[in-house]
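Same order as they appear, the protein sequences are chains A and B. Quick note on my numbering: the first sequence kicks off at 371 and runs consecutively. Quick note on my numbering: the second sequence kicks off at 406 and runs consecutively. Glycine included, C-beta positions come from ideal geometry on N, C-alpha and C.
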Amino acid sequence: MKINFERTGGFAGIKQAVSLDLDSLSVEDSSALQKLIKDADLFNMPVPDTQPAARDGFQYTITIMWENEERILRVSDGSIPNGLLPLLNDLSLRARANRR
Amino acid sequence: MHTHRHSIYCIVPPHILQSIAKNGQVEQSDKAMHTIVTTEQLRGRRYGIASMNSLTNPAFLGINLPGKDRTIYDAQNGQNLPGVQVRKEGDPPVADAAVNEAYDGSGLTYDLYWEIFKRNSIDGKGLKLDSSVHYQKNYDNAFWDGRQMVYGDGDEDLPAGQQIFNRFSIAVDVIGHELTHGVTQSEANLAYWDQSGALNESISDVFGSLVKQYHLKQTADQADWLIGQGLLTSQIHGVAIRSMKAPGTAYEDPVLGKDPQPGHMKDFVTTTQDNGGVHINSGIPNHAFYFIATEIGGHAWEKAGLIWYKTLTEKLTDRSNFQDAADLTFASAGDLFGKGSREQIAVWHGWSQVGITVTGVPSAPIPPTPIPTSPSPSPIPPSPSPIPPSPTPVPAQGSGCLPQVLGNGGLSSLMKKKVNK
Numbered sequence: 371m372k373i374n375f376e377r378t379g380g381f382a383g384i385k386q387a388v389s390l391d392l393d394s395l396s397v398e399d400s401s402a403l404q405k406l407i408k409d410a411d412l413f414n415m416p417v418p419d420t421q422p423a424a425r426d427g428f429q430y431t432i433t434i435m436w437e438n439e440e441r442i443l444r445v446s447d448g449s450i451p452n453g454l455l456p457l458l459n460d461l462s463l464r465a466r467a468n469r470r
Numbered sequence: 406m407h408t409h410r411h412s413i414y415c416i417v418p419p420h421i422l423q424s425i426a427k428n429g430q431v432e433q434s435d436k437a438m439h440t441i442v443t444t445e446q447l448r449g450r451r452y453g454i455a456s457m458n459s460l461t462n463p464a465f466l467g468i469n470l471p472g473k474d475r476t477i478y479d480a481q482n483g484q485n486l487p488g489v490q491v492r493k494e495g496d497p498p499v500a501d502a503a504v505n506e507a508y509d510g511s512g513l514t515y516d517l518y519w520e521i522f523k524r525n526s527i528d529g530k531g532l533k534l535d536s537s538v539h540y541q542k543n544y545d546n547a548f549w550d551g552r553q554m555v556y557g558d559g560d561e562d563l564p565a566g567q568q569i570f571n572r573f574s575i576a577v578d579v580i581g582h583e584l585t586h587g588v589t590q591s592e593a594n595l596a597y598w599d600q601s602g603a604l605n606e607s608i609s610d611v612f613g614s615l616v617k618q619y620h621l622k623q624t625a626d627q628a629d630w631l632i633g634q635g636l637l638t639s640q641i642h643g644v645a646i647r648s649m650k651a652p653g654t655a656y657e658d659p660v661l662g663k664d665p666q667p668g669h670m671k672d673f674v675t676t677t678q679d680n681g682g683v684h685i686n687s688g689i690p691n692h693a694f695y696f697i698a699t700e701i702g703g704h705a706w707e708k709a710g711l712i713w714y715k716t717l718t719e720k721l722t723d724r725s726n727f728q729d730a731a732d733l734t735f736a737s738a739g740d741l742f743g744k745g746s747r748e749q750i751a752v753w754h755g756w757s758q759v760g761i762t763v764t765g766v767p768s769a770p771i772p773p774t775p776i777p778t779s780p781s782p783s784p785i786p787p788s789p790s791p792i793p794p795s796p797t798p799v800p801a802q803g804s805g806c807l808p809q810v811l812g813n814g815g816l817s818s819l820m821k822k823k824v825n826k
């Protein structure tokens with residue numbers, strides 16, 4: 371399984387992104403990330419309500435690829451399902467570390 | 406431009422007046438109500454005293470009371486808004502710096518809009534100013550959610566060596582920026598993509614900077630024109646998030662990269678990210694405002710800010726672009742200060758310096774010739790339109806004055822000239 375994560379927008383307008391191949395992560399790290407994905411229940415997640423009047427929020431794009439499948443999820447600040455937040459926080463920190 | 410305030414209003418906050426009107430003895434109540442009503446008849450306001458008898462209830466009478474009405478909430482590192490109330494209007498400071506910053510910053514923003522532009526809060530009708538701090542964890546951002554301000558703690562939860570951003574309530578211009586998104590939402594309601602979105606962002610930067618300048622009582626040449634000064638930790642090579650004076654120079658850091666803002670149309674960035682680069686290309690109108698404010702001189706909020714405010718509230722529409730902004734600020738300057746006034750010339754110069762020519766007027770000489778401090782004779786005939794009634798502009802003479810435009814016909818080609826994205 372591979373994951374591409376991208377965060378754009380925000381007050382500063384600074385993009386952060388990271389691409390992860392779970393097979394190349396440590397067993398512990400891969401397991402932790404897979405658990406977050408499972409807990410987020412991405413494939414059954416309701417379509418979030420959008421807040422068209424929101425300004426300066428982040429926009430997040432998560433692309434998950436496995437075998438021949440691909441799932442793309444886009445959410446914005448102010449309309450993030452609570453169940454997705456731990457995964458977003460984890461990926462945001464990985465993207466942030468990826469800048470260094 | 407300062408507005409005279411009713412003396413009692415200056416001393417006694419509206420919430421206290423309301424309390425006296427509601428709970429005081431008959432004579433006290435009458436005086437308080439008289440103050441409320443008299444003041445509000447001059448200004449208008451939405452909120453009143455809901456629990457009072459309808460015959461004496463300003464809200465029932467359609468009267469709005471001016472005055473700050475701030476409430477600060479703690480999101481407790483979650484994302485459910487607004488969170489737990491931690492400070493409301495009139496409460497003393499608390500131990501939490503982020504709470505006090507959000508309270509003070511929203512108050513300073515209210516002050517600018519009220520005292521300079523006679524605007525009663527975000528919607529002009531006394532909208533409550535709600536803010537939530539401690540949003541999520543490691544959240545390096547602030548945003549306007551359509552109803553309230555939201556501030557993250559930056560990287561304050563991370564080890565010191567990994568910190569890039571301080572908490573976002575730390576900079577008063579950021580607070581002014583976010584609240585101004587609400588003003589824009591109430592007025593021009595500029596779309597949030599491409600040039601309209603960049604204009605939306607720029608307007609927030611302009612008034613955010615003016616909040617800071619007004620608070621510090623700085624003239625245009627004294628101001629730093631930085632947006633988000635103090636947000637970056639000392640580990641980052643940078644002074645702020647954006648620079649209106651010199652877009653593209655706010656930071657350059659191995660981790661953060663380089664400030665990507667252009668300051669001229671020749672460097673306009675075409676991108677699909679960030680809603681079409683709304684936080685990038687805003688550098689262009691930001692730069693124009695800086696040029697205009699510094700050319701006019703003095704306090705930027707008094708003239709340049711007034712031109713922008715009038716344009717935002719009376720002329721811009723949801724799909725306005727940079728060219729529209731140039732044309733309409735030029736028109737506003739003419740409305741406010743006269744056609745051919747030094748202020749209108751400054752607007753013409755400022756947009757020219759970022760590569761945008763006011764429609765129907767030739768490019769201004771760059772750099773502009775200093776403008777005399779006394780009003781110069783109007784070089785353009787009075788007209789209800791900022792666009793001179795002629796397609797045949799006389800080339801600028803390098804005098805810094807608007808060229809006289811003569812004749813008729815051929816205007817369409819000039820009017821249709823738009824900035825290429």
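- [ ] Could you list the residues in the stretch 418 to 436 of chain A with a C-beta less than 9 Å from some C-beta on chain B, going in chain order?
- [x] So the close ones are 421, 422, 423, 424, 425, 426, 427, 428 and 429.
- [ ] Could you tell me how far apart the beta carbons of residue 641 (chain B) and residue 660 (chain B) are, in whole angstroms, since I believe they sit closer than 8 Å?
- [x] Under the criterion of beta carbons closer than 8 Å, residue 641 (chain B) and residue 660 (chain B) qualify as touching, at roughly 7 Å.
TODO: Note down, in chain order, all residues in the stretch 376 to 387 of chain A with a beta-carbon under 8 Å from any beta-carbon belonging to chain B.
DONE: Per Cβ criterion, the list reads 378, 379, 380, 381, 382, 383, 384 and 385.
Open item on the list: Taking DSSP's pairing of strands, which residues face residue 541 (chain B) in a bridge?
Closed with: Paired residues: none, contrary to the question.
TODO: Give me the Cα-Cα distance between residue 560 (chain B) and residue 518 (chain B), rounded to the nearest whole angstrom.
DONE: Counting only the Cα atoms, residue 518 (chain B) lies some 31 Å from residue 560 (chain B).
Task: Local Cβ density within 10 Å of residue 723 (chain B), reported as buried at 16 or more and exposed below that - done: In this structure residue 723 (chain B) is exposed. Its beta-carbon is surrounded by fewer than 16 other beta-carbon atoms within 10 angstroms.
Open item on the list: Pull the bridge partners of residue 432 (chain A) from the DSSP assignment, please.
Closed with: Paired residues: A:375 and A:443.
Task: Same chain, Cβ closer than 7 Å to residue 543 (chain B), five either side skipped, listed in chain order - done: Excluding residues within five positions, the ones whose Cβ falls inside 7 Å are 560, 562 and 563.
Open item on the list: When you compare the stretch 540 to 556 of chain B with the stretch 610 to 627 of chain B, are there three or more beta-carbon pairs, one atom per stretch, that lie closer than 8 Å?
Closed with: By the Cβ rule, the stretch 540 to 556 of chain B does not count as touching the stretch 610 to 627 of chain B, because fewer than three pairs are nearer than 8 Å.
Open item on the list: For residue 446 (chain B) and residue 520 (chain B), what's the separation of their Cα atoms in angstroms?
Closed with: Per-residue confidence for residue 446 (chain B) stands at a pLDDT of 31, beneath the threshold of 50, marking its modelled position as unreliable; the derived number appears in the next sentence. The alpha-carbon of residue 446 (chain B) is positioned some 17 Å away from that of residue 520 (chain B).
TODO: Report the option in A:381, A:371, A:375 and A:376 whose CA atom is closest to the CA atom of residue 645 (chain B).
DONE: The option with the nearest alpha carbon to residue 645 (chain B) is A:381.
Task: Within chain B, the residues that residue 459 (chain A) reaches when beta carbons sit closer than 8 Å - done: Under the 8 Å cutoff, chain B gives 541, 542 and 543.
- [ ] Would you kindly work out how many angstroms separate the C-alpha atoms of residue 593 (chain B) and residue 727 (chain B), rounded to a whole number?
- [x] Between residue 593 (chain B) and residue 727 (chain B), the C-alpha separation is close to 14 Å.
- [ ] Determine the burial state of residue 383 (chain A): buried for a count of at least 16 other Cβ atoms within 10 Å of its Cβ, exposed for fewer.
- [x] Buried, since its Cβ has 16 or more Cβ neighbours within 10 Å.
Open item on the list: Between B:666, B:678 and B:707, which has its C-alpha nearest residue 690 (chain B)'s C-alpha?
Closed with: Closest by alpha carbon: B:666.
Open item on the list: Considering just the uninterrupted stretch of the alpha helix (DSSP H) at residue 397 (chain A), what are its terminal residues?
Closed with: Run containing residue 397 (chain A): 397 to 410, per the alpha helix (DSSP H) assignment.
Task: Per-residue DSSP class, three states only, for residue 674 (chain B) - done: Coil.
Task: Neighbour flag for residue 704 (chain B) against chain A, beta carbons, 7 Å - done: Residue-level contact by beta carbon fails for residue 704 (chain B) and chain A, as no gap is shorter than 7 Å.
- [ ] Quick one: using the 10 Å Cβ neighbour count with 16 as the cut-off for buried, is residue 439 (chain A) buried or exposed?
- [x] Under this definition residue 439 (chain A) is an exposed residue.
Open item on the list: Tell me the DSSP secondary structure of residue 728 (chain B) in three-state form.
Closed with: The answer is helix: DSSP assigns residue 728 (chain B) an H, G or I state.
Open item on the list: Using a Cβ-Cβ distance cut-off of 7 Å, determine whether residue 689 (chain B) contacts chain A.
Closed with: It does not; no Cβ of chain A falls within 7 Å.
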